[in-house]
Structures are given as C-alpha cells and as structure tokens.
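Let me begin by presenting the structure, written as structure tokens, before commenting on it.
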Amino acid sequence: MPDVTSAPTWIDAAVTADLQEGWLLHDDGFDPLRETSRQSRFAISNGFLGIRATRTLNRTGGPVPYTSVAGLFDVAGLQQPIAQLMPAADWLQLGVAADSTDAVSPLELTALSRHLDLHRGALHTGCHMSGRQTAAFNLQTIRLVSIADRQTGLQLMRLEAGASGGKIRVTASFTGLDSSLVPCHLGQNFAAWRTRVSGKGLAVAAWVSLHAGGDELTAQAAGPLGWAWDWEAPPGAVAYLQRLVCFARTDQAGADPARAARASLAAARSAGCRAVLASHAAAWADRWRNSDVTIDGDAASQHALRFAIYHLNGAANPDDERVSVGARALTGEDYHGHVFWDTEIFLLPFYTFTWPRAARAMLMYRFHTLDAARAKAARLGWRGALYAWESADTGADTTPDHAIGPDRRVVEIRCGTQEQHIAADIAYAVWQYWQVSADEDFLRHAGCEMLLETARFWISRAVPEADGGRHIRGVIGPDEYHENIDDNAFTNAMARHNIACALAASDLLRARWPGEWSRLSTKLAMADAELAGWPAVAARIVTGLDPATGLYEQFAGYFGLEQIDLAQFNGRSVPMDVVLGPARTQASQIVKQADVVGLLMLLPDSFAGRSGAVNFAFYEPRCSHGSSLSRAMHGLVAARLGLSQQALAFFRQTAAIDMADSHAAIDGGIHIASLGGIWQIAVLGFAGLSLRDDHLAFDPILPDGWAGMDFPIQWRGRHLRVKIESTPTVSITLLEGDPMAVRIFGRLHQLSSVVTCGEADVVADPANS
Numbered sequence: 001m002p003d004v005t006s007a008p009t010w011i012d013a014a015v016t017a018d019l020q021e022g023w024l025l026h027d028d029g030f031d032p033l034r035e036t037s038r039q040s041r042f043a044i045s046n047g048f049l050g051i052r053a054t055r056t057l058n059r060t061g062g063p064v065p066y067t068s069v070a071g072l073f074d075v076a077g078l079q080q081p082i083a084q085l086m087p088a089a090d091w092l093q094l095g096v097a098a099d100s101t102d103a104v105s106p107l108e109l110t111a112l113s114r115h116l117d118l119h120r121g122a123l124h125t126g127c128h129m130s131g132r133q134t135a136a137f138n139l140q141t142i143r144l145v146s147i148a149d150r151q152t153g154l155q156l157m158r159l160e161a162g163a164s165g166g167k168i169r170v171t172a173s174f175t176g177l178d179s180s181l182v183p184c185h186l187g188q189n190f191a192a193w194r195t196r197v198s199g200k201g202l203a204v205a206a207w208v209s210l211h212a213g214g215d216e217l218t219a220q221a222a223g224p225l226g227w228a229w230d231w232e233a234p235p236g237a238v239a240y241l242q243r244l245v246c247f248a249r250t251d252q253a254g255a256d257p258a259r260a261a262r263a264s265l266a267a268a269r270s271a272g273c274r275a276v277l278a279s280h281a282a283a284w285a286d287r288w289r290n291s292d293v294t295i296d297g298d299a300a301s302q303h304a305l306r307f308a309i310y311h312l313n314g315a316a317n318p319d320d321e322r323v324s325v326g327a328r329a330l331t332g333e334d335y336h337g338h339v340f341w342d343t344e345i346f347l348l349p350f351y352t353f354t355w356p357r358a359a360r361a362m363l364m365y366r367f368h369t370l371d372a373a374r375a376k377a378a379r380l381g382w383r384g385a386l387y388a389w390e391s392a393d394t395g396a397d398t399t400p401d402h403a404i405g406p407d408r409r410v411v412e413i414r415c416g417t418q419e420q421h422i423a424a425d426i427a428y429a430v431w432q433y434w435q436v437s438a439d440e441d442f443l444r445h446a447g448c449e450m451l452l453e454t455a456r457f458w459i460s461r462a463v464p465e466a467d468g469g470r471h472i473r474g475v476i477g478p479d480e481y482h483e484n485i486d487d488n489a490f491t492n493a494m495a496r497h498n499i500a501c502a503l504a505a506s507d508l509l510r511a512r513w514p515g516e517w518s519r520l521s522t523k524l525a526m527a528d529a530e531l532a533g534w535p536a537v538a539a540r541i542v543t544g545l546d547p548a549t550g551l552y553e554q555f556a557g558y559f560g561l562e563q564i565d566l567a568q569f570n571g572r573s574v575p576m577d578v579v580l581g582p583a584r585t586q587a588s589q590i591v592k593q594a595d596v597v598g599l600l601m602l603l604p605d606s607f608a609g610r611s612g613a614v615n616f617a618f619y620e621p622r623c624s625h626g627s628s629l630s631r632a633m634h635g636l637v638a639a640r641l642g643l644s645q646q647a648l649a650f651f652r653q654t655a656a657i658d659m660a661d662s663h664a665a666i667d668g669g670i671h672i673a674s675l676g677g678i679w680q681i682a683v684l685g686f687a688g689l690s691l692r693d694d695h696l697a698f699d700p701i702l703p704d705g706w707a708g709m710d711f712p713i714q715w716r717g718r719h720l721r722v723k724i725e726s727t728p729t730v731s732i733t734l735l736e737g738d739p740m741a742v743r744i745f746g747r748l749h750q751l752s753s754v755v756t757c758g759e760a761d762v763v764a765d766p767a768n769s
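Numbering (our numbering), first residue to last: 1 to 769.
Below, the structure is given as structure tokens:
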C-alpha cells in the first residue's frame with residue numbers, strides 16, 4: 001500500500017508537464033457561444049466512461065455536467081418510449097471559496113485555460129482566482145478515465161496561494177446524484193442507483209484526499225459523496241487534491257454492482273494515484289504505437305488525424321461485447337447513444353486494421369442482438385435477420401416514429417422500417433473483419449451465423465417479378481432525401497455482396513469445420529437445397545447498372561427526376577431539403593449523402609474499367625452533403641481515383657466538422673463516424689491500402705504537400721509498419737508474425753522483414769497486373 005499520508009508533490013510535475021505541440025489541443029479564455037462545442041471537442045472517454053470538458057470549478061448555469069456510462073440504457077419518456085443512454089452523476093465538481101468571518105464566497109475566475117493531451121488522453125485545466133480583497137490562487141487540474149482500468153477515473157488538483165495567502169474552503173463533490181436514476185444508496189464514499197424501467201444497476205465508490213503543508217487535511221462531510229476542507233494558506237503554499245472514482249454497471253435487473261465498484265477502488269488505492277496515471281499513460285502509448293498516422297509536410301492534416309485517432313481510441317471497449325460505439329460515442333447526448341450503420345461502415349475499418357480486439361467486441365455486440373434482428377425481420381414479414389436502424393442495448397429498433405421538422409411540422413420517420421441496407425452493412429463489416437483478422441473462432445461461432453441470417457433476409461426480400469429480375473421495393477438508401485424508392489443501387493448491390501459472403505462462409509465451414517457446419521445448419525434449419533438456390537437469386541437482383549455506360553441509376557426512376565444545379569445554392573447555411581422543401585427535394589436528383597459513391601467506396605470491383613470515374617463525375621455534383629458522413633466517402637473515392645487534391649479538400653472539410661470554430665453542430669457530441677472517415681481517406685485512400693483474397697495491396701497517391709506518411713496496421717496476426725514517400729515509394733516492415741505476400745504498385749512481393757518498392761521500379765509484367 002502506498003503511503004497516502006505523504007505529500008503528493010509528484011503532482012507538480014504532472015500538472016506542469018510540457019505538452020508537445022503536435023499532441024495538444026488547447027483553448028484559452030471562455031466563449032459562451034462555443035462552450036458546449038468545446039466541451040464535446042475536449043471530451044475524454046475510455047469506451048466505458050465518458051466525460052465532457054465542462055468546467056470543474058464553481059459551476060453555475062449552462063448545461064448540467066454528467067458522466068456517460070456505456071450500456072446504461074433505459075426507456076425514457078412516454079410519448080415515444082425508446083431506450084436512451086442515461087446520464088450518470090458527475091464526479092468532477094470542485095469549489096474554492098474565500099472564508100472570512102462573515103461568509104464563504106466563491107473566488108472570481110480571472111483566467112481560464114483548457115489543454116487536451118492527445119498522447120496521454122488527459123485533460124489539463126488551469127485558472128487564476130482572486131477574492132474581493134487580497135486573496136489570490138492559481139489552480140491546475142488533470143482529469144482522465146483510465147484505459148488501463150476502464151472502471152476508474154482520476155482527478156488531480158494543484159492549488160497555489162498567492163503572495164498574500166488566505167483562508168479558504170476547498171470542496172469536492174458530485175452533481176446529479178438523483179437527476180435521472182433511482183438512488184438505492186447515497187453514502188459518504190459510495191452510491192448506487194438503478195434505472196427506472198430496465199432495472200440496470202450502477203454503483204460508484206470514491207476516495208478523495210487533500211494535502212497541504214506536508215499533511216493530509218481532515219475532511220468534513222458535505223452531503224453524499226461530498227467533502228470539504230478549511231485551509232489557512234500561507235503565502236505561496238501549495239495544496240494537492242487526489243480523487244479516485246470507480247464505476248460498475250450491471251445489466252441484469254436486481255444484480256448488485258457494489259462489489260465490483262468497491263473492489264476496483266481498493267485496487268486503485270493500493271496502486272496509488274501516481275501508478276493509475278502511469279498505467280493509463282502507458283496504455284495510451286501502446287494504442288498510439290498501434291494506430292498513429294504520421295504525416296510529413298502538412299501540420300494541419302497531421303493535427304486532424306491525431307484528433308480523429310484520439311477519439312477513435314477512446315470510444316471503444318474491447319472488454320465489453322454488450323456495447324458498441326454510438327453516433328456521438330460517449331461525448332454528447334445526440335442520438336441518445338444509439339448505434340447506426342456508421343459503426344460498421346465508418347469505424348470498423350480503423351479498429352479492424354489497428355485494434356482487432358475492439359473490432360471483434362463491436363461485432364459481437366451485433367451477434368448478441370441477432371435475435372432482435374430476427375424478430376424485426378419476422379415482424380415485417382420476412383425471413384432471416386434485419387438489424388435495427390437505431391440500436392441500443394437489446395438490439396430492438398429504437399428509431400422514433402416521428403420528429404419535428406425544421407418547419408415545426410410533424411415528420412414521419414421511415415428509416416426504422418425502410419433503411420434496410422443496415423443488414424448488408426453489418427455483413428460487410430463481418431466479412432472484412434474475417435478477411436483482415438482470420439479470426440477462426442469468431443467466424444465459426446458468430447460471424448457465419450450473422451452472414452447467413454442477413455443473407456436469408458435478402459433472399460426473402462428480393463421478390464421475383466414478371467421481367468425475370470428480383471426487385472427490392474419500398475426502401476431508403478443512404479441518400480435519405482428519397483424515401484420509399486425501388487431498387488436502390490446501393491441496397492441491392494450490397495445485398496448481393498451479403499449473399500456472396502454468406503455462401504463463401506458456409507463453404508469454409510463445410511470444408512474446414514464440418515462439425516460446426518452441422519451444428520449451425522441444424523440450428524438455423526438451413527438445408528442444402530435452400531443454399532443451392534441462393535446464387536441464382538443473387539444474380540437476378542437488379543442493380544440499376546447500365547452496361548453500355550457503366551453508370552448506375554441510384555434507384556428506379558432517378559434519371560427522370562428534376563435536375564437542379566447545386567452551384568446556385570453555394571454559401572447556404574441550411575440543408576437543401578430546408579431550402580427547397582421536402583417534396584421538391586424528393587422530386588429532384590439532389591442527393592443528401594454519398595449513395596452510389598458510397599457503393600463505389602465499399603465495392604470498387606463492382607465498377608469495371610472507367611465506370612468508377614464515370615459514376616463519381618455524375619453523382620459528385622449532385623450531392624449536397626446534407627450528412628456529416630458524406631464528404632468522408634467522397635474523399636476516399638476521390639483518393640482512389642487519383643483525384644488527390646479533391647480528396648484532400650474533402651479530408652479537410654470532414655475534419656472541420658468537429659475542429660473548426662465556424663461549426664456549432666457538435667454541441668451534442670463529436671461526429672465519431674466522420675473521424676473514422678478521416679482515417680480511411682488517409683490509409684485506404686492516399687496510402688492506397690486495399691484487400692485481396694490472400695494479401696494486402698498498396699497503390700498510393702499522396703496529395704501535394706504530403707512528403708510522406710507512416711502508419712502501423714495488423715494483418716492476420718502480423719504487425720506491419722508502412723512508410724510511403726511522395727516519390728512515390730512504399731516501404732513495408734514486418735514487425736511481428738510470419739512472412740506474407742504483399743502487392744505494391746501491382747507487383748507481388750514476399751515480405752519476410754522489409755520490402756521497398758517505388759513506382760518507377762515496376763516494369764510491365766503481365767503476371768503482376
């Protein structure tokens with residue numbers, strides 16, 4: 001047990017450490033117009049706990065701070081009773097007040113600063129305080145939620161008296177102890193709650209200590225989870241506060257999380273706050289070793305990538321298969337913590353290539369909600385599994401039925417029933433994870449079942465008609481401006497891919513694990529005759545492709561809609577469906593977000609020859625980018641097509657969504673899918689990384705200003721380091737694992753240690769084409 005009575009002077013070095021500019025996000029002063037957006041941008045998370053960058057000192061007014069706990073869902077509201085992520089108590093409140101003979105009064109804040117250390121996942125704050133007469137103090141804090149022990153949060157404070165010293169009262173407390181959860185116990189160092197409907201349990205155990213003058217000061221109880229100290233501060237004296245909190249969640253009604261919370265706190269106290277900080281920093285250093293992308297020659301792009309990767313690393317929890325990453329991760333309240341297709345299409349590639357354990361856990365979340373997907377398909381009259389468009393903890397669809405539109409009218413929301421491409425999106429991620437990881441246990445016990453059940457949905461959904469084709473009618477594609485459409489190209493082509501992947505997975509199980517296949521086929525009542533008919537069904541699903549031009553029609557009848565020149569509306573500040581109204585927008589060719597371009601991103605082999613360039617040239621001018629997801633897709637496709645400068649523009653626009661002060665749309669949390677898209681533009685786009693059946697391929701085209709880039713990836717148990725120079729030259733180092741094949745600029749190489757290839761080195765060789 002560390003000596004907790006000695007003065008923790010190590011906090012001096014911790015709070016005053018020089019932060020590297022390349023790893024720093026900083027904010028000085030206070031701007032009330034941008035405060036809530038800054039709280040999202042500077043948020044910290046570890047995939048289980050999330051806290052926004054709210055001020056900890058003498059808070060009055062503004063949004064109520066809270067702690068986000070992954071998986072803490074409950075039904076809220078009677079009008080549309082849907083599961084929402086419930087806010088938990090905030091544990092960071094501090095107070096510093098001047099103590100005179102008359103009263104205790106808060107000190108006035110005269111300077112504020114906020115610095116996010118991306119490398120260590122810690123938020124540093126600072127402020128100067130002064131009283132009405134002569135008292136003055138400088139306060140510095142650090143807050144973090146550990147990624148070495150995800151139940152644990154740590155707060156450190158250094159409080160320095162000014163030249164005159166003074167008598168002050170220091171308080172540490174929780175807020176929101178009974179705001180949204182039912183309190184079961186509220187004590188001095190421990191509290192427990194339950195959700196009102198779902199019966200989930202939450203507990204927190206806390207410990208706080210304040211040292212001054214080499215001694216630990218005696219705390220006075222200040223209500224549940226509240227402490228107060230009176231300090232007669234000599235001039236220049238320093239006080240140090242340490243606070244540890246440990247949260248635990250249980251999902252079974254009636255289960256008690258108290259033991260887990262208390263055990264975690266006991267372990268953290270035994271190690272000591274300094275060790276908690278060190279283990280957290282070491283865990284972050286390991287994440288950066290496995291995920292950092294360095295850019296040579298473009299500091300702004302480097303900063304954007306580091307910001308994106310920081311939030312991506314903080315969003316996932318590889319140790320919990322019952323949660324996934326919602327649309328705002330754990331950084332804000334928008335979308336109630338719900339999980340969308342964003343997770344599989346925009347986030348999974350990052351985790352699959354850099355953190356396979358996290359990718360697997362997120363896909364296992366989908367496996368654990370497979371029964372709910374089966375129930376949804378059955379309720380709508382189809383077989384197999386149709387995943388929820390918005391998913392919480394159980395996988396039941398939490399998409400609201402109605403919303404209030406920009407014109408204050410009630411709008412029917414059809415995404416829950418019609419945006420069915422979610423089934424194929426999840427199947428796409430399952431198959432990509434298998435291709436990259438070769439995780440046999442996952443494929444045998446989860447992945448193959450997910451692929452087969454989603455494919456079975458599409459087999460029943462694609463209806464044969466008199467023209468000999470199979471049609472999927474009454475859907476919404478990624479372009480949500482057009483509802484209740486027929487034969488959406490994205491949906492239908494992804495459905496065909498889903499079926500092909502399911503057939504490939506079943507063939508693998510038959511050949512390599514016949515016992516597993518027998519078990520699974522029996523469980524699913526899937527006879528050989530059923531599977532034998534699937535290839536013919538898939539081949540007849542219409543896709544809208546015109547073989548003569550290579551152009552996909554986004555959906556049946558799209559080419560006959562009104563053409564509107566979006567350039568006439570440059571500079572608009574609202575979406576196009578607000579400018580034109582929903583009816584005219586639906587009757588036009590204006591696209592909300594990447595649809596056919598999204599298909600080009602995911603299934604580039606479906607675009608033969610120059611078909612990819614033809615489709616991009618046609619649809620890019622028609623896209624209004626009414627979704628934060630859209631520019632990332634366009635950027636990746638543009639990079640692959642060799643339009644590197646246009647891709648860089650999309651990269652910067654995507655980064656600006658969460659980083660530019662001109663945007664106020666991140667009050668409800670950062671756009672985690674857009675951040676995943678930034679990584680994809682860089683690695684899958686500019687670096688030219690793509691998948692082949694049994695190897696990786698690289699065909700990079702760096703944008704002007706990028707002299708080079710360097711990044712790690714993982715491939716089937718191997719760790720690689722990829723370095724690209726603008727000459728262009730690719731150098732790949734095998735850091736760990738068995739030799740493998742890799743294709744660079746079209747030429748196949750055997751990689752056993754290091755292989756380097758420049759584009760100029762490649763000669764015409766039919767065997768390598």
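Using N, Cα and C, we set each Cβ at its ideal position, and we do this for glycine too.
Under the three-state reduction of DSSP, ASN484 is assigned to coil, being neither helix nor strand. Inter-segment contact for the region 664–676 and the region 334–347 is present: three or more beta-carbon pairs are separated by less than 8 Å.
Three or more beta-carbon pairs separated by less than 8 Å link the region 464–475 to the region 535–555, which places the two stretches in contact. For ASP286, the secondary structure class from DSSP, reduced to helix, strand or coil, is helix. In this structure, the CA atom of TRP389 is about 6 Å from the CA atom of ILE422. Nearest in C-alpha terms to SER521, of all of ALA495, ASP479, ILE476, CYS448, is CYS448.
Nearest to PRO32 by alpha-carbon distance, out of GLY166, GLY187, PRO63, is PRO63. Between the alpha carbons of LEU636 and SER628 lies a gap of roughly 14 Å.
Closest by C-alpha distance to PHE340, out of ALA396, ARG306, ARG289, is ALA396.
DSSP places ALA88 within a strand segment (E or B) once states are collapsed to three. Going by DSSP, ALA233 is part of the beta strand (DSSP E) stretching over 226–233.
Nearest in C-alpha terms to HIS124, of all of LEU19, ALA500, SER173, GLY71, is LEU19. Within its own chain, the residues whose Cβ lies closer than 6 Å to the Cβ of GLN84, once the five positions on either side in sequence are excluded, are ALA76, HIS336, listed in chain order. A direct Cα-Cα distance of roughly 17 Å separates ARG269 from THR9.
Look at SER624 here: in three-state DSSP terms it is coil, with no helix or strand label.
Cβ-Cβ separation between ALA329 and ASP342: approximately 10 Å, too far for a contact (criterion under 8 Å). For GLY95 against ALA135, the beta-carbon gap comes to about 14 Å, at or over 8 Å, which does not count as contact.
Between ALA647 and ILE681, the gap from beta carbon to beta carbon is short of 8 Å. Minimum Cα-Cα distance from ALA532 among the listed residues VAL323, CYS127, ALA500, GLN93 corresponds to ALA500. For PHE137, the secondary structure class from DSSP, reduced to helix, strand or coil, is strand. Restricting attention to ALA260, ALA89, ILE459, LEU202, the CA atom closest to the CA of LEU72 is found in LEU202. One thing to note: GLY609 has its Cβ no nearer than 8 Å to the Cβ of GLY688. The beta-carbon separation of ALA308 and LEU265, rounded to 33 Å, does not stay under the 8 Å limit for a contact.
If you draw a 10 Å sphere on the C-beta of LYS523, you find fewer than 16 other C-beta atoms in it, and that means exposed.
Contact between the region 271–281 and the region 188–203 is absent, with fewer than three C-beta pairs closer than 8 Å.
Within the same chain, ALA741 come within 7 Å of ASP694 by CB-CB distance, once the 5 residues on both sides are set aside.
Apart from the 5 residues on each side of it in sequence, TRP382 sits with its Cβ closer than 7 Å to the Cβ of PHE457, SER460, ARG461 in its chain, given in chain order. Of SER630, LEU602, VAL596, the smallest CA-CA separation from ALA617 is found for VAL596.
Closest by C-alpha distance to ALA316, out of PHE651, PHE686, GLY50, is GLY50. In the structure shown, HIS338 adopts coil according to DSSP, grouped into three states. Membership of VAL69 in the beta strand (DSSP E) is indicated by the continuous run 67–69. Sequence-distant partners of MET362 (beyond 5 residues in either direction) whose C-beta falls short of 6 Å from its own C-beta, in its chain, are SER324.
DSSP, read as helix, strand or coil, puts MET526 in coil. For SER726, the secondary structure class from DSSP, reduced to helix, strand or coil, is coil. Across the structure, ALA424 and ARG196 are spaced so that their CA atoms are roughly 35 Å apart.
A straight-line Cα-Cα distance of about 40 Å links GLY314 and SER518.
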